[in-house]
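Sequence order for the protein chains is A and B. Residue numbering for the first sequence follows this note's numbering, beginning at 9 and increasing consecutively. Residue numbering for the second sequence follows this note's numbering, beginning at 108 and increasing consecutively. Cβ atoms here follow ideal geometry from the backbone N, Cα and C, with glycine treated the same way.
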Amino acid sequence: MLAATACLIAPALHAAQGDERVAAPLQLFTPPPAGSYTLPPIQSAPRGRVVDEAGRSRPLAEFVTGRVTLLSFIYTHCTDAAGCPLAIATLAQVRERLSANPVAAGGARLVSLSFDPEYDTPDVMRLFSKTFEGAARKPPWHFLTTASQSQLAPLLEGFGQDAAVTEASGARRLDHTLRVFLIDSRGRVREIYSAAYLMPEVIVNDILTLAAEAR
Amino acid sequence: MKEPIAVIALLLAAFTLPAAADETCNSPYTTALIKGQEDYVHVWTLGVKDWGDGQDKLVTISANPKAKDYGKVVSSVSVGSRGEAHHMGFTDDRRYLWAGGLSDNRIYVFDVGKNPAKPVLTRTITDLGEKSGYLGPHTFYAVPGRMLIGTLSNTKDKGGVTGIAVYNNKGEFVAKYDVPTGSGGDGYGYDVAINPSKNAMLTSSFTGFNNYMRPLGELIKDGEAMKKFGNTMVVWDHKAMKPTKVLSVPGGPLEIRWSLKPGDNWAITAAALTSKLWLVKQEGKEWVAKEVGTIGDPAKIPLPVDISITADGKGLWVNTFMDGKTRYFDLTNPEAPKQTYEKVTGKQVNMISQSWDGKRVYVSSSLLENWDKGGADNEQFVRAFNWNGKELTPAFEVDFAKEKLGRAHHMKFSAKPL
């Protein structure tokens, strides 16, 4: 576990110039109650194939339909504090909150999908899955990767997720905008969160809003 | 079981996030902030008949003093027609720049991510009117994966009742939200601005197509038409996209600038027709609007048309179109702004943009095709200035008339990839 997370605490690099650091997003409001608002469909989740923690090739649709899904792209050696570590921490907090609501937890899932298939092999993702008790708790948390860049590319394009490989001081990194996608049981993206927007209480209300639609 | 969460919590305590702001006036959801030297200034430019191809175009100027082509136009992308080019805004990932035409109701999407020196027109969205009933796409305000588009008018009667359209980043229509006409609302629209930590979205109000496309000299003599300007701002629950309160702000409140200081709960705007600064803030649980200052002599109708807040929220630039002045207000006490500087920066001035560090200020000339001045007063330019806290010093100028580019309007910055 330490090996898996140690990569997250390396000095952060960021494409932004002089990127100063401040606290995590402030939530200085009481969010509207779940079900008191609507989340219009933004776009369809793309079709394609992914590789699960056991190394099996499976349709992405198996992981973005049938339940309300919270999906983020990550790469496990990400060093951008405002990127993957924040996404993982937020999903963990959302899961913790959902675990108090067995009905909602039973109708939801979390997905972390790597956009670095060369480094993030199924073995690496399995390590993460084990760390976060992927399938052992509710809602389940799947750590997926893809077989190749060519298999990954249409998924990135379909979600509208940017990612660019850069080299800095001899270190390879993937510059990207942090986005977390909330997908309804029909595979439609209903909300997209970025760093300024990742508020677990709000996300849980959104999940409950979509879960109520399905009932 | 809790060990992973505990570790992540510790990591987060050590890590922090980028400031939820852009170089002072963009959406807080826009990433890749340029806090150092910008390399390019993109200028959304309204075409002028017989000036070059006469089309609306995105003009890109080299803005880094270290560049060989500093202060020069490095590219120009024409869009095929002339349709009252006005405002623009980056997508949240800053890869694309959306720009609107107030008369042709079109939205042009430029790729500025691959090579900011040479933007490429990648998409033209033509279904705004069909999908939403709105006309005059004005403000382009990024939220994650989507663009909020504040509009000015409607296709039915071309008056000022309008709303906000939402498109995804692929250019597909998502939803529409009418500006309220009840509870004191006039339904008019203009700018959109969000304070994420307060879940508060503000909209302001201008006037409809029937007015903004009329010659200004003719319009101001028409008493009935002059009544058809917005007099309200609306506070919205951004998460729910529901209006929660209508605020009375007479005289056409235009650009909205939230203080960028984390946790601050106020925004400022300028009312064009009354030449007043208005503060919108939360007092207790209630949002209120207060008149807090005067810009120039309102009797002379200086027409404040754009404002730019400093990154620390302690200063505000104001451009007034009619007298061609650029003014600086000390906002240390936002309840009582004080003008501390002014300079005539052109015979007509409209937009003003500043760098994140506040050291550079850019001014453009054009308001609207039929509202710009005539004859020798119809200067068309982008002028760059250096600001040392006391004096604006000219840095460079691009003469958009001499170069037959058009009427220079909205400006956005970009930087070369690191």
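key: Beta-carbon proximity list for B/Pro251, same chain, < 7 Å, skipping 5 on both sides   = In the second sequence, counting from the first residue as 1, residue 251 of chain B sits at position 144. So the qualifying residues of the chain are Tyr136 and Asp199.
ask   = Which residues in chain B sit within 7 Å of A/Asp170, going by Cβ to Cβ distance?
value = In the first sequence, the residue the question calls residue 170 of chain A occupies position 162. The contacting residues are Asp200 and Arg202.
message = Contact between the segment 146-158 of chain A and the segment 117-130 of chain A is defined here as three or more beta-carbon pairs at a separation below 8 Å; is this criterion met?
response = yes
query = Quick one, which residues of the segment 65-84 of chain A are near chain B if we go by CB-CB under 7 Å, in chain order?
reply = none
request  = Going by DSSP, name the residue or residues bridged to B/Ala300.
outcome  = Numbered from 1 along the second sequence, position 193 holds the residue referred to as residue 300 of chain B. Answer is B/Leu309.
inquiry  = Which of the three DSSP states is assigned to B/Val219 in this structure?
reply    = As a working note, residue 219 of chain B is residue 112 in the second sequence. Coil, per DSSP.
Opening and closing residue of the beta strand (DSSP E) in which B/Leu209 lies = Mapped onto the second sequence, residue 209 of chain B falls at position 102. Where B/Leu209 is concerned, there is no enclosing beta strand (DSSP E), given that its DSSP letter is neither H nor E.
key: Collapsed DSSP secondary structure at B/Lys445 in the structure displayed   = Locating residue 445 of chain B in the second sequence gives position 338, counting from the first residue. Of the three classes helix, strand and coil, the one that applies to B/Lys445 here is strand, per DSSP.
ask   = Are at least three pairs of beta-carbons, each pair with one atom in the segment 221-230 of chain B and one in the segment 245-262 of chain B, less than 8 Å apart?
value = no
inquiry  = Quick check: what's the CA-CA separation for B/Ser312 versus B/Gly337?
reply    = Numbered from its first residue, the second sequence carries residue 312 of chain B at position 205. Numbered from its first residue, the second sequence carries residue 337 of chain B at position 230. Each residue's Cα considered, the two are about 5 Å apart.
query = Between which two residues does the alpha helix (DSSP H) harbouring A/Asp131 extend?
reply = Position 123 of the first sequence, counted from the first residue, corresponds to residue 131 of chain A. Start and end: Pro130 to Thr139.
key: For A/Glu209, the three-state DSSP class (helix, strand or coil)   = Here the question's residue 209 of chain A lines up with position 201 in the first sequence. Three-state DSSP puts A/Glu209 in a helix.
request  = Say whether chain B places a C-beta atom closer than 8 Å to the C-beta of A/Arg105.
outcome  = For the purposes of this step, residue 105 of chain A is identified with residue 97 of the first sequence, where counting begins at 1. For A/Arg105, the answer is no, since every Cβ of chain B falls outside 8 Å of its Cβ.
query = Taking A/Ile50 as the reference, which of A/Leu216, A/Glu209 and A/Arg198 has the closest Cα?
reply = For this step, residue 50 of chain A is matched to residue 42 along the first sequence. If we check each option's Cα against that of A/Ile50, A/Arg198 comes out closest.
query = Do you know offhand how far B/Tyr274's Cα is from B/Lys335's?
reply = By one-based count along the second sequence, residue 274 of chain B stands at place 167. By one-based count along the second sequence, residue 335 of chain B stands at place 228. Going by the C-alpha atoms only, they are around 28 Å apart.
task = Verify the CB distance criterion: does B/Ser286 have a CB-CB separation below 8 Å to chain A?
result = For the purposes of this step, residue 286 of chain B is identified with residue 179 of the second sequence, where counting begins at 1. Correcting the residue identity first, residue 286 of chain B is Val in this sequence and not Ser. No, B/Val286 lies away from the interface with chain A (no Cβ there is under 8 Å from its Cβ).
ask   = Any idea what DSSP makes of B/Asp484, helix, strand or coil?
value = In the second sequence, the residue the question calls residue 484 of chain B occupies position 377. The answer is helix: DSSP assigns B/Asp484 an H, G or I state.
inquiry  = Determine whether the beta carbon atoms of B/Thr233 and B/Arg202 lie at a separation below 8 Å.
reply    = Here residue 233 of chain B is taken as the residue at index 126 of the second sequence, counted from 1. Here residue 202 of chain B is taken as the residue at index 95 of the second sequence, counted from 1. It is not a contact, given that the beta carbons lie outside the stated cut-off.
task = Tell me whether the beta-carbon of B/Trp394 lies closer than 8 Å to the beta-carbon of B/Asn302.
result = The count along the second sequence starts at 1 and reaches residue 394 of chain B at position 287. The count along the second sequence starts at 1 and reaches residue 302 of chain B at position 195. For B/Trp394 and B/Asn302, no; Cβs fall outside 8 Å.
inquiry  = So, at 6 Å on beta carbons, what are the nonlocal neighbours of B/Asp129 in its own chain, with the 5 sequence-adjacent residues on each side left out?
reply    = As a first step, residue 129 of chain B must be located in the second sequence, where it is residue number 22. Model confidence at B/Asp129 stands at a pLDDT of 38, short of 50, so the residue's coordinates are unreliable; what they give is reported in the following sentence. If we look at B/Asp129 and ignore the five residues flanking it on each side, its Cβ neighbours are Thr137 and Leu140.
ask   = If you run the structure through DSSP and keep just helix, strand and coil, what is A/Pro48?
value = Locating residue 48 of chain A in the first sequence gives position 40, where the first residue counts as 1. Of the three classes helix, strand and coil, the one that applies to A/Pro48 here is coil, per DSSP.
request  = To the nearest angstrom, report how far apart B/Gln56 and B/Ile327 are at their CA atoms.
outcome  = Only positions 108 to 525 of chain B appear in this structure, which leaves residue 56 of chain B out of reach.
key: Beta-bridge partners of A/Thr77, as assigned by DSSP   = The residue labelled residue 77 of chain A in the question sits at position 69 within the first sequence. A/Thr77 is bridged to A/Arg117 and A/Ile191.
DSSP three-state assignment for A/Gly166, whether helix, strand or coil = Locating residue 166 of chain A in the first sequence gives position 158, where the first residue counts as 1. Helix.
Members of the segment 272-303 of chain B near chain A, C-beta cut-off 8 Å = Val273, Asn275, Asn276, Lys277, Glu279, Val281, Ala282 and Pro303
query = For B/Ser471, which of helix, strand or coil comes out of DSSP?
reply = What you label residue 471 of chain B is simply residue 364 of the second sequence in a count that begins at 1. B/Ser471 falls in the strand class under three-state DSSP.
query = Exposed or buried, A/Ala204, counting other C-beta atoms within 10 Å across all chains shown (16 or more means buried)?
reply = As a working note, residue 204 of chain A is residue 196 in the first sequence. Result: buried.
ask   = the segment 179-202 of chain A: which residues have C-beta closer than 9 Å to a C-beta of chain B, in chain order?
value = Asp183, His184, Thr185, Leu186, Arg187, Val188, Phe189, Val197, Glu199, Ile200, Tyr201 and Ser202
Member of B/Glu504, B/Pro357 and B/Asp479 whose CA lies at the smallest distance from the CA of B/Phe492 = Mapped onto the second sequence, residue 492 of chain B falls at position 385. Answer by Cα proximity: B/Glu504.
message = DSSP three-state label for A/Ser158, please.
response = Indexing the first sequence from 1 puts residue 158 of chain A at position 150. A/Ser158 falls in the helix class under three-state DSSP.
key: Per-residue DSSP class, three states only, for B/Met195   = Mapped onto the second sequence, residue 195 of chain B falls at position 88. Three-state DSSP puts B/Met195 in a strand.
Residues near A/Gly56 in its chain [Cβ-Cβ closer than 6 Å; skip 5 each side] = The residue given as residue 56 of chain A occupies position 48 in the first sequence. Once the five neighbours on either side are set aside, the close Cβ partners of A/Gly56 are Leu68, Pro162 and Leu163.
ask   = Could you give the uninterrupted runs of the alpha helix (DSSP H) lying entirely in the segment 491-523 of chain B, keeping only those of 4 residues or more?
value = none
ask   = In three-state DSSP terms, what is B/Arg201?
value = In the second sequence, the residue the question calls residue 201 of chain B occupies position 94. Coil, per DSSP.
request  = Closer than 9 Å by beta-carbon distance: list the chain A residues that pair up with B/Gly400, in chain order.
outcome  = Taking the first residue of the second sequence as 1, we reach residue 400 of chain B at position 293. Ordered by position in chain A, no residue passes the 9 Å Cβ test against B/Gly400, which lies about 26 Å from the chain.
Residues of the segment 505-519 of chain B with Cβ closer than 8 Å to any Cβ of chain A, in chain order = none
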